[in-house]
Amino acid sequence: MLERGTVNVQAATYSIKVSDTGGQIRGRILAKNGQVLGEGSGLITNVGQNAIDPRGPKLVLIPRDGVSGVHYSQYDAEKKPLVGANVNILHGSEKAEQDQDLYTQDTRLGQGSMTLLSVEAPKNFLVSRKIVYSGEKFSLPILPERMAKSLREMVSDQRQQDLNDPHGTLIWGS
């Protein structure tokens with residue numbers, strides 16, 4: 447159920463009329479254009495029916511920074527976004543917002559937090575994942591399957607151990 451409340455910024459308080467003194471409350475700060483600037487949630491403690499001034503939880507609204515960046519084929523020197531890729535954020539639970547040029551521009555990540563970004567490209571490419579921090583401008587290369595296979599073979603030969611499992615994780619560092 448959605449209820450509008452009132453906020454007194456100077457007193458740092460909010461008030462809302464609710465039908466029950468138990469449950470959960472979720473607050474959002476919205477810009478005039480409807481963009482979510484911050485949000486928070488908490489449980490409402492059950493209070494006695496005779497309470498004169500029931501107090502709910504202290505609600506801290508956290509501004510959002512979001513993330514932005516590009517995912518591209520490792521073979522593309524211009525680093526243009528790979529067409530047809532599915533970009534997921536918030537640990538894979540949500541499709542990331544992208545602009546008309548396919549650059550990721552997602553504002554749902556809270557300030558000071560991080561999440562796992564996942565890119566599933568068209569066939570012949572491996573799934574790529576990266577931990578991104580709020581406010582980060584990321585650059586994520588996507589490896590073609592044949593390139594990854596060659597890398598595994600070279601490292602296996604160099605280390606004299608079998609690292610050729612096609613389902614194994616390939617950790618790419620810089």
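Going by the working numbering, the sequence shown runs without a break in its numbering and finishes at 620.
Using N, Cα and C, we set each Cβ at its ideal position, and we do this for glycine too.
Euclidean distance between Cα positions of residue i and residue j
i      : j      : result
ASP603 : GLU566 : 29 angstroms
ASN610 : VAL533 : 27 angstroms
ARG575 : ASP511 : 20 angstroms
THR459 : LYS525 : 47 angstroms
LEU562 : VAL453 : 34 angstroms
SER461 : GLY473 : 11 angstroms
ARG598 : LEU555 : 34 angstroms
GLY480 : ILE577 : 28 angstroms
Under 8 angstroms between C-beta atoms of residue i and residue j
i      : j      : result
GLN557 : SER585 : no
PRO568 : ASP547 : no
SER487 : ILE475 : no
PHE571 : GLU591 : yes
Simplified DSSP assignment, three categories, for residue i
i      : result
LEU636 : In the structure as shown, the chain begins at 447 and stops at 620. Residue 636 is therefore absent and cannot be evaluated.
GLU543 : coil
HIS537 : coil
ARG450 : coil
GLY614 : coil
Within-8 angstroms CB hit, residue i to chain D
i      : result
GLU524 : Among the chains of the structure shown, chain D does not appear; only one protein chain is present.
Which parts of the stretch 563 to 607 are runs of the beta strand (DSSP E), unbroken and 3 residues or longer, counting only runs that do not cross its ends? 574 to 579, 583 to 588
Flag this pair as touching only if the stretch 511 to 519 and the stretch 539 to 556 have three or more C-beta atom pairs under 8 angstroms; answer yes or no. yes
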